[in-house]
Amino acid sequence: MIETADERINLIKEINEKNCNFVFEDYYTSILELLQALAFINGFNISNHICLGFYLKEKLKREDLYMIFDDLRYKRNSLTYYGNKMDFETAKQAIKNQRN
């Protein structure tokens with residue numbers, strides 16, 4: 219899972235108005251894969267995004283990362299399930315939050 223996440227991040231080179239939502243989704247998926255790998259290493263098999271967020275908050279005691287992850291999860295759900303698109307500036311900021 220970690221290798222897949224790293225490879226996905228390495229594929230993302232340029233962010234522009236046409237691809238910003240896809241780049242955002244790729245970063246989110248990479249974070250998701252890394253969190254799943256970390257949880258698995260620590261003996262947890264977590265298969266949904268909300269529980270991964272609570273893993274960050276409750277088990278890893280990272281409320282700061284939980285808040286960022288939950289905001290990103292909400293944005294990703296808006297793209298994936300409702301067909302909404304982020305404007306370029308919002309997508310750039312969300313991508314920046316994921317990189318940090």
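In this note's numbering, the protein residues as written are 219 to 318. Backbone N, C-alpha and C define an ideal beta-carbon position, used for all residues, glycine too.
Using the Cα positions of residue i and residue j, report the straight-line distance between them to the nearest angstrom.
{"i": "Arg280", "j": "Ile264", "result": "17 Å"}
{"i": "Leu278", "j": "Tyr292", "result": "21 Å"}
{"i": "Leu270", "j": "Leu250", "result": "8 Å"}
{"i": "Met304", "j": "Asn234", "result": "12 Å"}
Compare the Cα-Cα distances from residue i to each of the options and report the closest residue.
{"i": "Asn255", "options": "Gly301, Asp305 and Glu221", "result": "Looking at the sequence provided, one finds Ala at residue 255 rather than Asn. Taking only the C-alpha atoms, the option nearest Ala255 is Glu221."}
{"i": "Ile268", "options": "Ser296, Asn318 and Asp288", "result": "Asp288"}
{"i": "Leu290", "options": "Gly261, Glu276 and Ser248", "result": "Ser248"}
Residue range of the alpha helix (DSSP H) that residue i falls in?
{"i": "Glu232", "result": "That residue, Glu232, is in no alpha helix (DSSP H); it is neither H nor E in DSSP."}
{"i": "Arg280", "result": "Premise fails: Arg280 is in no alpha helix (DSSP H) and is neither H nor E."}
{"i": "Glu307", "result": "Phe306 to Arg317"}
{"i": "Gly271", "result": "His267 to Phe272"}
Within 10 Å of its beta-carbon, does residue i have 16 or more other beta-carbons around it, so buried, or fewer, so exposed?
{"i": "Arg294", "result": "buried"}
{"i": "Phe258", "result": "exposed"}
{"i": "Phe242", "result": "buried"}
Is the CB-CB distance between residue i and residue j below 8 Å?
{"i": "Tyr245", "j": "Gln316", "result": "yes"}
{"i": "Tyr273", "j": "Leu253", "result": "yes"}
{"i": "Asn237", "j": "Leu297", "result": "no"}
Within 8 Å of any Cβ in chain C, is that where the Cβ of residue i sits?
{"i": "Phe306", "result": "The chain inventory of the structure shown lacks chain C, comprising one protein chain alone."}
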